Amino acid sequence: MTRVLLAEDDPPVRRLLRHLLERNLHCVVGEAADGREALAAVGRDRPDLLLLDIGLPEVGGLRVLETLRADPATADLPVVAISAVSGREVIERLIALRITDYLLKPLDVALVERRLARVLAGLGGGRAVGT
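Using my numbering, you'd call the opening residue of the sequence shown number 2 and step up by one each time.
Given below as structure tokens:
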């Protein structure tokens, strides 16, 4: 089974994504509620995919992503960014940090499921950003 780390500080969003990943997409899901927990969990659990909220407390999602990309052990970890921010500058920074995909809040459950199914199907292959 695919191991996914869900780094999201909003409990209702975390529950929704966990349910979707476990029940519909058949993943094993770990959770982190802030950036420090996310970095520790990536190092400890070695997930196949990270769903990363950009607005995490403690260490923000962009900083988490920069840290992961700077470490050879995690530089190629597939990351799906999640954010309510859709500004060009943020998205360009995320693309420069080689995100696999980007999900905009508020989340459309059907769209999220399709996008995550596509990302999960492509693990081990190339990266894609967008639909």
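Quick reminder that beta carbons are idealized off the backbone N, C-alpha and C, glycines included.
This one's a predicted model, so the numbers in the text were calculated from it and none came from an experiment.
Who are Arg4's beta bridge partners in DSSP?
The partner list for Arg4 (beta bridge, DSSP) reads Val29.
In the DSSP assignment, the beta strand (DSSP E) including Asp102 goes from what residue to what residue?
Looking at the DSSP string, the run of the beta strand (DSSP E) that includes Asp102 is Asp102 to Leu105.
Can you give the Cα-Cα distance for Ala42 and Gly36, rounded to whole angstroms?
One C-alpha to the other measures close to 10 Å.
Could you compute how far the alpha carbon of Met2 sits from the alpha carbon of Val30?
Computed Cα separation, rounded: 10 Å.
Apart from the five residues just before and just after Gly126, which ones in its own chain have a Cβ nearer than 8 Å to its Cβ?
Note that Gly126 has pLDDT 43, beneath the 50 cutoff, so the model's placement of it is unreliable and the number below is only indicative. Around Gly126: no qualifying Cβ.
In angstroms with no decimal places, state the Cα-to-Cα distance between Ala122 and Glu59.
Distance between the alpha carbons of Ala122 and Glu59: 32 Å.
Just checking my contact of Glu9 with Arg15 at CB under 8 Å: how many whole Å lie between their CB atoms?
Confirmed, Cβ separation roughly 4 Å.
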